[in-house]
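Undergrad: One structure follows; several queries about it will come next.
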Amino acid sequence: MSDPIEKLTRLGDAMEGAPMPLPASEIRARGDRIRRRRHIVVAGASAAVVAAVAVPVVALTIGGGSDDKPELAPSPTISDPVATAPLTTENLLTGEDAVYPTGGMVDWVESDTYPGDGQAAFSPCAQQSLDGLGAEAVLRRDFEFVVTETNEVDGTNYLNEVIAEFPSAADAEAAYAEIKEWHVECLPPGADRYDAGDFAAVPVGVEGTAEVQLSTYRPVDESLDPTGDLGYFLETGLVLSGDRVAVLSQSIVGQDYNFEADRRPIVVMLPDAARQLVLGNGDGQPSEPGGTRLIPDDFPLAAGWPDSSQADGEGLEGPNRTLPSLEFSACDATFAEPDYLDRLLATWSGAEDYRVRQLTVYADAAAATTATDELVDFFRSCGTGPVRDDGYRTDYEVVPVDAGEQAWAVLQRDSFEGAETPFGSTTVVVRVGAAVMILDHGGHAGYPSGDGQAAIASIIDEAAEPITAMTALRQAADGPDLTNPAEVTTIPDGFPLGLAISEPPEEDGGTNVAGPGAEVAGVRAQTACGTPLAMPNAGSPDPEHELGYSVSDIEGYDGRTIRAYPTVEAALDEMASLRAAVQGCNRDDDGDGRSDRRWRTFSSDTGYDSVTFGYTYDGTDDVGAPAGQLYTVVRVGNAILAIEWAGEYSAELMADSASTQVQIARGIGAEMCVFTVDGC
Amino acid sequence: MEAQEFDELYAASFRRITSQVYAMIGDLDEATECVQEAFARAWANRRKLDKAEYPEAWIRTTAYRLAVSRWRRTRLAKRPTDRAVGSHTQLPAVDESHVALVAALKKLPEAQRQALVLHHIADLPVHQIAAEVGVPEGTIKARLSRGRTALAALLTDETPGGLAGGMSHV
Chain P
1 MSDPIEKLTR LGDAMEGAPM PLPASEIRAR GDRIRRRRHI VVAGASAAVV
51 AAVAVPVVAL TIGGGSDDKP ELAPSPTISD PVATAPLTTE NLLTGEDAVY
101 PTGGMVDWVE SDTYPGDGQA AFSPCAQQSL DGLGAEAVLR RDFEFVVTET
151 NEVDGTNYLN EVIAEFPSAA DAEAAYAEIK EWHVECLPPG ADRYDAGDFA
201 AVPVGVEGTA EVQLSTYRPV DESLDPTGDL GYFLETGLVL SGDRVAVLSQ
251 SIVGQDYNFE ADRRPIVVML PDAARQLVLG NGDGQPSEPG GTRLIPDDFP
301 LAAGWPDSSQ ADGEGLEGPN RTLPSLEFSA CDATFAEPDY LDRLLATWSG
351 AEDYRVRQLT VYADAAAATT ATDELVDFFR SCGTGPVRDD GYRTDYEVVP
401 VDAGEQAWAV LQRDSFEGAE TPFGSTTVVV RVGAAVMILD HGGHAGYPSG
451 DGQAAIASII DEAAEPITAM TALRQAADGP DLTNPAEVTT IPDGFPLGLA
501 ISEPPEEDGG TNVAGPGAEV AGVRAQTACG TPLAMPNAGS PDPEHELGYS
551 VSDIEGYDGR TIRAYPTVEA ALDEMASLRA AVQGCNRDDD GDGRSDRRWR
601 TFSSDTGYDS VTFGYTYDGT DDVGAPAGQL YTVVRVGNAI LAIEWAGEYS
651 AELMADSAST QVQIARGIGA EMCVFTVDGC
Chain S
1 MEAQEFDELY AASFRRITSQ VYAMIGDLDE ATECVQEAFA RAWANRRKLD
51 KAEYPEAWIR TTAYRLAVSR WRRTRLAKRP TDRAVGSHTQ LPAVDESHVA
101 LVAALKKLPE AQRQALVLHH IADLPVHQIA AEVGVPEGTI KARLSRGRTA
151 LAALLTDETP GGLAGGMSHV
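Chains P and S, in that order, give the protein sequences. Numbered per full-length UniProt numbering, the first sequence finishes at 680, counting up by one with no gaps. Numbered per full-length UniProt numbering, the second sequence finishes at 170, counting up by one with no gaps.
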């Protein structure tokens, strides 16, 4: 047998003496390009951009053949876009920086990015959304745990990052303290034990605070851990910088967590997360190009413009995210722009013909509406501007336009000593959902023939393609509108509400089976600490939109109800009410004055938005066996399924039975994807 | 890290790291490009590299992760890998016995291959491999032992006339 070690050692020398493929200087040049892409030098970059673009936009001239051509102002001018940029997806940890440092065997892979905290809690210790803590903007990114060799996704482990911007640094600091407290005093759903680790400071190289905590809790669901050897390792990283907060939550199911303290995944990721978080937050660094975008790079922003060869100037520049944003001023005031998530710009300029299109995506349609209204009101409230040094003054007229979901045109016309002039510019603002496009034309294209309506019509006609394309952005920017009427509000025929893990129960002398049917009650009404539990049916039937099923025998009662709510939001509200009622209730009595009920929650790993909970009698009146009721409630889209099992439960038996009930809920839940907008 | 220091690191360790990554992934072209890209990223992140206790390990891990990531993308999208630095590089032919060894290494489970490469080619002590890979030292020792046995058997099987009996999973 050959000696493999000797051969291995020789392999290490295999390339000794071989020529270097590239000189070190070329490698460094490549590194510098990467670095520049990440951190554009602000002063140089913005100044250069201003110089390049300010000429066509700002130095518009008037004067009808006169050499003495005063500047046409006020008009959209160029601003440095990087002073304090709003929170964007570029502030989230990238897929490249999300690592699980085990030598490449597994990796975190970006799976989803969206505004808000998401429907599922970002951490099992989270007690409310970051919106609820007062954040003005919240973004979240989820990662999947991928086995690199097989490319399989291990759904039992997860990583996510939530970032938030608060009205002030003090608000962010308070929120940071609150989130930290959640992770100290925590009992995740279904856990009977939570061991909170200490928070330890992590140097991250940016101004602010960063800490990490490793906590454990158990038990793990029996389906994953039949022998009870595993636990959850919850590693949480927090960053506070100025008015921004980032929370990294990673949950790993395992027997141990073999990392040196300074090599734990969140510790490794936290400096990158902090670096991303502060981008654009007054640290002198612009937003980093190249991150995840809400506007596709191939958005046809420049469609409809003439070919650059027809321009006696720069022609087309963009579309890109590096052109400076439009800045509006009127009546000696500058428009204060609201926060946005993403922006794409394009300019087309020829001699005395200056066109800019700026497409902006806001957090939601309401924010976009506000941004549009505020801009229009800014001009409307000005009306007529002051006489400038050159004797000209600008009148601002706001007129409605028939385009998109909301559109206005701002006609800016210059007059000289009370007489009309042929000079002006036209700005059209079009909103569709959460996206707002500003079409700004100056020079010859701004006020052609002195006919404002013709200018508006020409601009809208020219931008027909990008305006149409804005509708495709709605989904990306808003996510599904949870208040929209749901598409499916009745229970499909043949819905398997009676799903059984083993043999389905049959009607006989000792067993009563009812349904599935619209008139069957299924889950019965229940209270916890005096609060009615929000569950489908539960004493308030809605046969048009629900289906019930029940099996009762001497051992107990199995009731199930599924209801389709009119909107996803209504279903979410129902789940929130249910959780609020259960969360605050540890003990009560059922009104008979004899027995205390002890309420507990159990692991509810259905793969959907769900909660499993129940009560057992803490003490009996010495008559009969211990009893209790176990509930699993699952929401998928706009539908909620509730399962009730009432029987002769001891506390131990209920804990054992919970995983079986969750299994049934998981099986039925899989059939509920029809109630979602995009499927499961 | 200054340019001169970086250049020295590059000159001293490029070939060595490339050999190691080649042994891990079995493709010399790909290993070369990934190591180049890893060095470029190291320069872009040189502040981070300054803090790293073992810059070579940082670069090796980055190169290996790049290789795995490229492989995954290529497999998923069935498109050519992106060329990170410059054009396709021309490399010297590799000794035939090395090709056989790399082919044998490729037949090992990834964890064993990685342990063998880091220990016997990168010359890292067991405790450092454990730290780099993120598993206990005992696990690394077991992987090394099993890997050596399996590799010896595979190399023997390569010999014409040998009694090829497949790998013994212990």
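Ideal placement from N, C-alpha and C gives every residue a C-beta, glycine not left out. The model shown is predicted, which means the values in this text are computed figures rather than measured ones.
Could you pull out every residue in the same chain whose Cβ sits closer than 8 Å to the Cβ of A175 of chain P, ignoring the five residues on either side in sequence?
TA: The answer, listed in chain order, is L130, L133, G134, A135, A164, F166, V245.
Undergrad: Hey, quick one: how far does the alpha helix (DSSP H) through H183 of chain P stretch, first residue to last?
TA: 169-184 is the extent of the alpha helix (DSSP H) around H183 of chain P.
Undergrad: For L641 of chain P versus P536 of chain P, is the C-beta spacing smaller than 9 Å?
TA: Going by C-beta atoms, L641 of chain P is nearer than 9 Å to P536 of chain P.
Undergrad: Say whether the region 424-438 of chain P touches the region 351-366 of chain P, bearing in mind that this needs 3 or more beta-carbon pairs closer than 8 Å, one atom from each stretch.
TA: Contact between the region 424-438 of chain P and the region 351-366 of chain P is present, because at least three Cβ pairs lie under 8 Å.
Undergrad: What residues from chain S crowd round F259 of chain P, counting only those whose CB sits closer than 8 Å?
TA: Those within 8 Å of F259 of chain P in chain S are G134.
Undergrad: Answer with buried or exposed for A103 of chain S, where buried requires no fewer than 16 other C-beta atoms within 10 angstroms of its C-beta.
TA: With fewer than 16 Cβ atoms within 10 Å of its Cβ, A103 of chain S is classed as exposed.
Undergrad: Quick one, which of P:V430, P:V488, P:A409, P:C125 has its alpha-carbon nearest residue 706 of chain P's?
TA: Chain P is shown from 1 up to 680; residue 706 of chain P falls before or after that span and cannot be answered.
Undergrad: According to DSSP, P615 of chain P sits in a beta bridge with which residue or residues?
TA: Sequence inspection shows Tyr at residue 615 of chain P; the Pro mentioned does not correspond to that position. According to DSSP, which records beta bridges pairwise, Y615 of chain P is partnered with P:W599, P:Q629.
Undergrad: Under 9 Å between C-beta atoms, does L8 of chain P make it to chain S?
TA: True, the Cβ-Cβ gap to chain S drops below 9 Å.
Undergrad: Using 9 Å as the threshold, is the C-beta distance between I456 of chain P and V387 of chain P below it?
TA: The answer is no: Cβ separation not under 9 Å.
Undergrad: Report the option in P:S249, P:G315, P:Q412, P:S502 whose CA atom is closest to the CA atom of A330 of chain P.
TA: When each option's Cα is compared against that of A330 of chain P, the closest is P:Q412.
Undergrad: Exposed or buried, which one is P296 of chain P when buried takes at least 16 other CB atoms within 10 Å?
TA: The residue is exposed, with fewer than 16 neighbouring Cβ atoms inside 10 Å.
Undergrad: For a cutoff of 9 Å on Cβ pairs, would you count I5 of chain P as touching chain S?
TA: True, the Cβ-Cβ gap to chain S drops below 9 Å.
Undergrad: Can you determine whether any heavy atom of the ligand MN sits closer than 8 Å to the C-beta of M437 of chain P, and answer yes or no?
TA: No copy of the ligand MN appears in this structure; indeed no ligand is present at all.
Undergrad: Which residues share a DSSP beta bridge with T426 of chain P?
TA: Paired residue(s): P:L411, P:H441.
Undergrad: Based on the DSSP secondary-structure assignment, which residues constitute the bridge partners of I467 of chain P?
TA: According to DSSP, which records beta bridges pairwise, I467 of chain P is partnered with nothing at all.
Undergrad: For R37 of chain P, count neighbouring C-beta atoms within 10 Å of its own C-beta (all shown protein chains included) and say buried if the count is 16 or more, exposed if not.
TA: Because the pLDDT of R37 of chain P is 49, which lies under 50, any placement of that residue in the model is unreliable, and the number read from its coordinates should be weighed accordingly. Classification for R37 of chain P: exposed.
Undergrad: Could you check whether N157 of chain P and S223 of chain P sit closer than 9 Å to each other, using their CB atoms as the reference points?
TA: Taking 9 Å as the Cβ cut-off, S223 of chain P and N157 of chain P do not qualify as a contacting pair.
Undergrad: Determine the contact status of L154 of chain S and K7 of chain P, defining contact as a CB-CB distance below 9 Å.
TA: No, the Cβ-Cβ distance between L154 of chain S and K7 of chain P is not below 9 Å.
Undergrad: Which residues does DSSP list as the beta-bridge partners of R193 of chain P?
TA: Beta-bridge pairing links R193 of chain P to P:R218.
Undergrad: Hey, is the region 12-29 of chain S in contact with the region 55-67 of chain S, meaning 3+ C-beta pairs nearer than 8 Å?
TA: Judged by Cβ distances under 8 Å, the region 12-29 of chain S makes contact with the region 55-67 of chain S, as three or more pairs qualify.
Undergrad: Given a cut-off of 9 Å on the beta-carbon distance, is the pair G628 of chain P and G607 of chain P in contact?
TA: Cβ atoms of G628 of chain P and G607 of chain P: not closer than 9 Å.
Undergrad: By Cβ distance, which residues of its chain are closer than 6 Å to I668 of chain P, with the 5 residues on each side in sequence left out?
TA: Closer than 6 Å at Cβ, skipping near neighbours: L499, L641.
Undergrad: So within the region 511-577 of chain P, which uninterrupted beta strand (DSSP E) runs reach at least 3 residues, ignoring any that extend past its ends?
TA: For the region 511-577 of chain P, whole beta strand (DSSP E) runs of length 3 or above, ordered along the chain, are 512-517, 546-553, 556-564.
Undergrad: In whole angstroms, what separates the C-alpha of V50 of chain P from that of W43 of chain S?
TA: Caution is warranted here: a pLDDT of 28 is assigned to V50 of chain P, below 50, making its placement in the model unreliable, and the coordinate value is therefore given only provisionally. Using only the alpha carbons, I get a separation of about 30 Å.
Undergrad: Does DSSP classify A126 of chain P as helix, strand or coil?
TA: Three-state DSSP puts A126 of chain P in coil, outside helix and strand.
Undergrad: Just verifying my parser: in three-state terms, what is the DSSP assignment at S329 of chain P?
TA: Three-state DSSP puts S329 of chain P in a strand.
Undergrad: State the DSSP-derived secondary structure class of T18 of chain S, mapped to helix, strand or coil.
TA: Correct three-state label for T18 of chain S: helix.
Undergrad: Thinking C-alpha only, which one of P:P101, P:T527, P:G539, P:L159 is nearest T113 of chain P?
TA: Closest by alpha carbon: P:L159.
Undergrad: Would you kindly check if the distance between the Cβ of Y392 of chain P and the Cβ of G383 of chain P is under 9 Å?
TA: No; because the gap between Cβ atoms is not below 9 Å, this pair is not in contact.
Undergrad: Should residue 686 of chain P be labelled buried (16 or more other beta-carbon atoms within 10 Å of its own) or exposed?
TA: As displayed, chain P neither begins before 1 nor continues past 680, which places residue 686 of chain P out of reach and without an answer.
Undergrad: Between the C-alpha atoms of H113 of chain S and C34 of chain S, what's the straight-line distance to the nearest angstrom?
TA: Residue identity differs from the one stated: residue 113 of chain S is Arg in this sequence, not His. Rounded to the nearest angstrom, the two C-alpha atoms are 18 Å apart.
Undergrad: State the DSSP-derived secondary structure class of L118 of chain S, mapped to helix, strand or coil.
TA: Helix.
Undergrad: Select from P:A538, P:M575, P:Y565, P:E569 the residue whose C-alpha is nearest the C-alpha of G559 of chain P.
TA: Ranking P:A538, P:M575, P:Y565, P:E569 by Cα distance to G559 of chain P puts P:A538 first.
Undergrad: From the DSSP output, in three-state form, read off Y10 of chain S for me.
TA: Three-state result, Y10 of chain S: helix.
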